[in-house]
Structure formats: structure tokens, C-alpha cells
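Undergrad: Residue numbers (the numbering used here), protein chains in the order written: chain A, 1 to 116; chain B, 117 to 230.
No residue lacks a Cβ here, since even glycine has one placed at the ideal position from N, Cα and C.
Quick one: the structure is below, and I'll ask about it shortly.
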Amino acid sequence: EPEVTQTPSHQVTQMGQEVILRCVPISNHLYFYWYRQILGQKVEFLVSFYNNEISEKSEIFDDQFSVERPDGSNFTLKIRSTKLEDSAMYFCASSEGLIAGDYEQYFGPGTRLTVT
Amino acid sequence: QQQVKQSPQSLIVQKGGISIINCAYENTAFDYFPWYQQFPGKGPALLIAIRPDVSEKKEGRFTISFNKSAKQFSLHIMDSQPGDSATYFCAASTPGAGSYQLTFGKGTKLSVIP
């Protein structure tokens with residue numbers, strides 16, 4: 001069964017450093033998302049991406065964040081200068097497209113980001 | 117108005133019992149309501165979802181009940197099993213308005229005891 005994959009599973013970085021989190025969405029999916037989950041809290045939407053551009057973003061997704069689809073398979077989230085409060089589990093998700101009813105989002109296993 | 121309120125925060129059910137988790141929302145534009153199951157250290161896994169044009173949807177032991185007028189929806193897990201022990205999140209979005217971002221509830225930690 002196709003699945004969303006994410007690398008690395010755990011990333012430790014120092015405050016102020018740049019990190020890139022990588023995701024490979026399900027191959028025929030057209031919509032891509034990043035969410036984050038601070039330990040013990042709910043999952044929060046960061047950004048959605050369609051047709052090589054951001055379609056929606058939340059207040060959390062400030063200028064420190066960027067997303068990119070560098071090739072036909074990868075989808076990345078970059079945090080330019082990490083802060084302690086960026087420590088969280090980051091989930092990538094994808095969904096099939098815009099056809100009515102194709103709203104199901106499938107999540108990857110997540111990358112645990114620890115900022116020290 | 118974008119919030120989805122979920123209760124209870126935690127739930128302990130005996131094996132074979134019925135687990136019930138409730139969610140309420142304010143935004144009447146929400147028109148897609150999925151439930152996700154999350155095991156420790158894993159990503160949320162889509163369990164079942166409902167649109168507001170139906171009042172109930174059943175898949176195996178999992179049933180969503182939807183009350184549009186009350187702006188509430190709930191997940192029922194029949195014949196609960198220890199393997200169902202996980203955190204469950206309700207969510208909502210407005211794909212009809214072109215927005216696919218999911219707004220999640222705070223989650224319910226379910227423990228099914230033998």
C-alpha cells in the first residue's frame with residue numbers, strides 16, 4: 001500500500017541553525033501539507049502546497065519557514081533559523097486532488113525536531 | 117470559530133465495551149469531518165470520515181454519528197479491543213470552500229483494558 005515517507009525520523013539541531021525536513025508524498029497525489037505537533041498537544045496545520053505554489057498557510061508559517069518541491073517526488077520544509085519553540089513532531093501529508101470527495105489526507109510517520 | 121472541541125481528554129474502557137468520543141464545532145462552513153488514530157511515535161492514520169449530508173457512517177467497528185443542527189459529531193468504537201488503545205483526533209475542514217487544511221481537536225487518549 002502506498003505511503004508517505006519522511007526523513008530523517010529524528011533531527012537534533014542547535015538554535016539558529018537551518019534545518020530541512022524531507023517528505024516523499026504518495027506518488028499520484030497532488031496536494032501536499034505540513035503539520036506540526038508539539039509534544040502532548042494537538043496537530044496544527046502549517047501549510048498546503050498545490051501546483052508548485054503555497055495554497056494556504058497558517059499564522060505559524062512565518063518568514064522562517066519555506067516549502068519546496070525540488071523534483072517530481074520530494075517535498076521539503078525548511079526552517080531558516082530554528083528556535084527552541086520549533087521543537088515538535090513535523091508531519092507531512094498528501095491527498096489525491098481536487099475531485100469531489102478526494103479530501104482524504106494521508107500522513108507520514110513524522111520527523112521529531114529537537115532544537116537545543 | 118475555527119476550533120474543534122473534543123472530549124473527553126482520556127477514556128478507559130473495558131474490552132468488549134463501547135468507546136464514545138465527542139467533538140463540537142462552531143464554524144458552519146466545515147463540511148468534511150475525519151477521525152484519525154495515532155499510536156505513540158507514529159503519524160495520524162485516517163480512520164473514517166463523514167460529510168454533513170449523512171447522519172451516520174459505519175466502517176466495521178467504527179461509526180461516526182453526525183448532528184448538523186447541534187454542530188456535533190462523535191466516534192463510536194464497538195467491541196473495543198486492547199489494540200484500539202491509541203489517541204484519537206477529530207478534525208474538520210472546508211473543502212467545499214476550497215480550503216483543505218484540517219483543524220484538529222486536542223485528542224482523546226483511549227485505553228482499553230482486558
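Our contact map puts A165 (chain B) next to F178 (chain B) with C-beta atoms below 8 Å; I'd like the distance itself, whole angstroms only.
TA: The C-beta separation of A165 (chain B) from F178 (chain B) comes to about 11 Å, leaving the pair out of contact by the 8 Å criterion.
Undergrad: Please go through the same chain and pick out, in chain order, the residues whose beta-carbon is closer than 6 Å to the beta-carbon of T203 (chain B), but skip the five residues on each side of it.
TA: Q154, G223, K225
Undergrad: What residues in its chain sit with their C-beta under 7 Å from that of V115 (chain A), if we drop five residues either side in the sequence?
TA: T13, M15, T82, K83, L84, D86, S87
Undergrad: Where does L46 (chain A) fall in DSSP's three states?
TA: strand
Undergrad: How about I26 (chain A) and Y103 (chain A): are their beta carbons less than 8 Å apart?
TA: no
Undergrad: Pop quiz: W34 (chain A) and V43 (chain A) are said to be a contact at Cβ under 8 Å. What is the actual Cβ separation, rounded to whole angstroms?
TA: No, W34 (chain A) and V43 (chain A) are not in contact; Cβ-Cβ is about 11 Å, not under 8 Å.
Undergrad: For a contact meaning CB atoms closer than 7 Å, what does V43 (chain A) contact in chain B?
TA: P160, F205, F220
Undergrad: Whose CA, out of B:Q118, B:Q125, B:K121, lies closest to the CA of S227 (chain B)?
TA: B:Q125
Undergrad: Is Y106 (chain A) close to chain B, meaning its C-beta is less than 8 Å from at least one C-beta of that chain?
TA: For Y106 (chain A), a Cβ of chain B is located within less than 8 Å of the residue's own Cβ.
Undergrad: Would you decide whether T144 (chain B) is buried or exposed? Buried here means 16 or more other CB atoms lie within 10 Å of its CB.
TA: exposed
Undergrad: Looking at chain A, which residues of the segment 148-182 of chain B have a Cβ within less than 9 Å of any of its Cβ atoms?
TA: Y148, P150, Y152, Q154, G157, K158, G159, P160, A161, L162, A165, R167
Undergrad: Smallest Cα separation from Y207 (chain B): which of B:S185, B:A161, B:G132, B:V129?
TA: Contrary to the premise, residue 207 (chain B) reads as Ala rather than Tyr in this sequence. Of all alpha-carbon atoms in B:S185, B:A161, B:G132, B:V129, the one lying nearest the alpha-carbon of A207 (chain B) is that of B:A161.
Undergrad: Between Q217 (chain B) and chain A, is the shortest Cβ-Cβ distance under 8 Å, so that the two count as touching?
TA: yes
Undergrad: Decide yes or no for the touch test of the segment 123-141 of chain B against the segment 179-194 of chain B: beta carbon pairs closer than 8 Å, at least 3 of them.
TA: Verdict: yes, contact present.
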